[in-house]
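For the sequence shown, numbering that gives the first Met the number 0 gives the first residue as 0, with consecutive numbering after it.
Virtual Cβ for every residue (Gly too), placed ideally from N, Cα, C.
Keep in mind that this is a model prediction, so the values were computed, not measured.
The structure under discussion appears below in the form of structure tokens.
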Amino acid sequence: MTSARILAACLLCTTTLSAQQGTGAASRAAARAYRESNEGTILTEFAELLSLPNLASDSVNIRRNADHLLGMLGKRGFANTQLLTVPGGPPAVYGELKAPGATRTLVLYAHYDGQPLDPKQWTTPPWSPVLRDKDLLVGGKVIPIPTGSGRVDPESRIYGRSSGDDKASIMAILAAVDAMRASKTAQSVNLKVFFEGEEEAGSRHLREILVKYAPLLASDGWLFCDGPVHQSGRQQLVYGNRGITSFELTVYGPARALHSGHYGNWAPNPGVMLSSLIASMRDDDGRIKVAGYYDEVKPITATERKAIAALPKFDGELRKALGLAHTEANDALLAERIMLPAFNLRGIRVGGVRETGSNTISPVAYASFDLRLVPAQDPMHIQRLVEAHIRKQGYFITKDSASLEVRLAHPKVARVEWLEGYPASRAPLDGPFGKAIFSTLRDGAREAPLAVPTSGGTGPTYMFEQVLGIPMISLPIANYDDNQHAADENLRVQNLWDGIETYAALLAGLGKIWGERLAP
0 MTSARILAAC LLCTTTLSAQ QGTGAASRAA ARAYRESNEG TILTEFAELL
50 SLPNLASDSV NIRRNADHLL GMLGKRGFAN TQLLTVPGGP PAVYGELKAP
100 GATRTLVLYA HYDGQPLDPK QWTTPPWSPV LRDKDLLVGG KVIPIPTGSG
150 RVDPESRIYG RSSGDDKASI MAILAAVDAM RASKTAQSVN LKVFFEGEEE
200 AGSRHLREIL VKYAPLLASD GWLFCDGPVH QSGRQQLVYG NRGITSFELT
250 VYGPARALHS GHYGNWAPNP GVMLSSLIAS MRDDDGRIKV AGYYDEVKPI
300 TATERKAIAA LPKFDGELRK ALGLAHTEAN DALLAERIML PAFNLRGIRV
350 GGVRETGSNT ISPVAYASFD LRLVPAQDPM HIQRLVEAHI RKQGYFITKD
400 SASLEVRLAH PKVARVEWLE GYPASRAPLD GPFGKAIFST LRDGAREAPL
450 AVPTSGGTGP TYMFEQVLGI PMISLPIANY DDNQHAADEN LRVQNLWDGI
500 ETYAALLAGL GKIWGERLAP
């Protein structure tokens, strides 16, 4: 045999062995090689997906998204593809990709709907995706989206609604499947995908879908593929998220606006009343002063404290970037603060200021709050505690607009309107599923992923745990500065490339590691 043939045989043997072993380094390298030869194809398909308007309230376009995703799954050989439907709700998109000999089943969750928006706030139309050579904030210019094997600078960014939240995860998952098939990298787990169409609208129909299709969705674990990577740029695994409940508060003064010179210091001022009420509920360091608010809070475990201590010390950089000389609780770590409840004033409105200011006492003052919860706080119980606190401040609470009779009968009147909420959820960092996911993603990575006990945001992960009884962990891939939920939402292209490698390593290695006994 010639030396050339010997070399070729060795290369073939090495390639076959890598495909059989599915190690992290080998699967990542194979995914990278595939991506480098298909960057234009991947970005073109991604742009097609981003061009579909995707507000959950827009049933026609939501169905277009769902049908488009079914086509993307079918093109890749997914079996049993279907729309999971319940009356009145957007469909969830489902598909299966089994692996010969696999004993574990993993479900990857992502959502294809996006946040509401005002097109006038966008630099370019939100559903006309464009590629820029760098971040728009530092002068990024529009460049052509390549096709086929065309290459792009990994620091370029694609702009469009849901580019980061959350169609990026869908594209990365499906491109990883393409890369594994092209390189003959073996899949080690049975894969199911579940793409929701109502996450940004509160997942109002999700529980009903999970209950109806529970047998179809049976698995060993779920990954919630949504959100940004760590602010340092490191890949992170997030083991929980905070819950939420929110309310609108209205405080009433005189029945009509009054001249502040004639009636000031006589007529109660609802703006001042509201300010005092807000100050009674939380202090300047974020400590919540509502009686009993912390009673249900589950203490942070030793494992979680250890994980927090191991995170990059990035708070100083964040304060500098955000123009903050100090942060709450004497510059306490952000990772510690999001393990606690938060009482956030998200808006306040009374009278006018600057060019609209006038010398009047307003009839009403409004405030809007979101309350971020942690295990094991119950949203309904928190609502009762807040209302009890407001009553202790001397207010009569109404659920409707206050009539003149009500205002005459009570010296202080407040209208409280609650919105639906989520409880928090948190999977154990040292549980079998959590350890297997972490070990798989550490294998072959440039740096080990960060194990983050919880995210500050909120998602419907608790429903999966309550209905299906399985653990759920979040695997985000978007850049942390992706303008999530805001105008000019974007995805840094390198984050998409990293996501493809991450999912390829996960699907290639998880079944082997998950089936082994892991060291404590």
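Secondary structure at residue i, three-state DSSP: helix, strand or coil?
{"i": "Glu419", "result": "strand"}
{"i": "Ser161", "result": "coil"}
{"i": "Ser259", "result": "helix"}
{"i": "Asp50", "result": "Per the sequence shown, the amino acid found at residue 50 is Ser instead of Asp. Here Ser50 sits in coil by DSSP."}
{"i": "Gly242", "result": "strand"}
{"i": "His380", "result": "helix"}
{"i": "His110", "result": "strand"}
{"i": "Trp126", "result": "coil"}
{"i": "Gln235", "result": "strand"}
{"i": "Ser36", "result": "coil"}
{"i": "Asp177", "result": "helix"}
{"i": "Val137", "result": "helix"}
{"i": "Thr104", "result": "strand"}
{"i": "Asp57", "result": "coil"}
{"i": "Gly393", "result": "coil"}
{"i": "Tyr502", "result": "helix"}
{"i": "Gly514", "result": "coil"}
{"i": "Leu222", "result": "strand"}
{"i": "Thr326", "result": "coil"}
Suppose you measure from the CA of residue i to the CA of residue j; what does that come to, to the nearest Å?
{"i": "Arg62", "j": "Ser162", "result": "19 Å"}
{"i": "Met71", "j": "Leu49", "result": "13 Å"}
{"i": "Arg131", "j": "Tyr461", "result": "37 Å"}
{"i": "Asn189", "j": "Lys97", "result": "4 Å"}
{"i": "Asp369", "j": "Gln186", "result": "42 Å"}
{"i": "Met179", "j": "Ala334", "result": "35 Å"}
{"i": "Ala174", "j": "Glu295", "result": "43 Å"}
{"i": "Ala28", "j": "Lys305", "result": "32 Å"}
{"i": "Trp221", "j": "Val192", "result": "9 Å"}
{"i": "Tyr365", "j": "Gly138", "result": "39 Å"}
{"i": "Arg348", "j": "Leu317", "result": "29 Å"}
Give me, in chain order, the residues of the same chain whose beta-carbon lies closer than 7 Å to that of residue i; leave out the 5 immediate sequence neighbours on both sides.
{"i": "Pro153", "result": "Val492, Gln493, Trp496"}
{"i": "Phe194", "result": "Leu68, Ala91, Val92, Ala109, His110, Tyr111, Ile169"}
{"i": "Gly291", "result": "Leu384"}
{"i": "Trp513", "result": "Arg103, Ala435"}
{"i": "Phe313", "result": "Gln230, Ser231"}
If you measure from the CB of residue i, is any heavy atom of the ligand GTP nearer than 8 Å?
{"i": "Ala65", "result": "Ligands in the displayed structure: none, and consequently the ligand GTP is not present."}
By Cβ distance below 6 Å, which residues in the same chain neighbour residue i in space, the five residues on each side in sequence not counted?
{"i": "Val176", "result": "Arg75"}
{"i": "Gly498", "result": "Ala171, Ile476"}
{"i": "Gly285", "result": "Glu327"}
{"i": "Ile41", "result": "Ala174"}
{"i": "Phe45", "result": "Met170"}
Within a Cβ cutoff of 8 Å, which residues of the same chain sit near residue i, ignoring the five residues on either side of it in sequence?
{"i": "Glu386", "result": "Ile396, Val415"}
{"i": "Leu236", "result": "Gly433, Ile436, Phe437, Leu440, Pro448, Leu449, Ala450, Val451, Ile472, Ser473, Leu474"}
{"i": "Asn268", "result": "Gly252, Ile360, Ser361"}
{"i": "Gly456", "result": "Gly226, Asn240, Arg241"}
{"i": "Arg406", "result": "Tyr251, Ala254, Val412"}
If you measure from the beta carbon of residue i to each beta carbon in chain D, is any gap under 9 Å?
{"i": "Glu316", "result": "This model lacks chain D altogether; it includes just one protein chain."}
Ranges of the alpha helix (DSSP H) found wholly within the stretch 263-323, counting only runs of at least 4: You should have 269-280, 301-308, 314-321.
Three-pair Cβ contact test at 8 Å for the stretch 107-121 versus the stretch 480-491: Verdict: yes, contact present.
With a floor of 4 residues, list each alpha helix (DSSP H) that falls wholly inside the stretch 65-100, ordered by position along the chain. Counting only runs of 4 or more, we get nothing.
Please determine if the stretch 95-108 and the stretch 127-142 are in contact, where contact requires at least 3 C-beta pairs separated by less than 8 Å. Contact fails: fewer than three Cβ-Cβ distances are below 8 Å.
The stretch 464-471 in contact with the stretch 206-224 per 3-pair CB rule at 8 Å: Yes, the stretch 464-471 is in contact with the stretch 206-224.
contact_flag[the stretch 268-279, the stretch 423-430] where n(CB pairs < 8 Å) is 3 or more: The stretch 423-430 and the stretch 268-279 do not touch, with fewer than three beta-carbon pairs separated by less than 8 Å.
Could you tell me which uninterrupted alpha helix (DSSP H) segments, each at least 4 residues in length, are contained entirely in the stretch 420-487, listed from first to last along the chain? The stretch 420-487 contains these whole alpha helix (DSSP H) runs: 431-441, 460-467.
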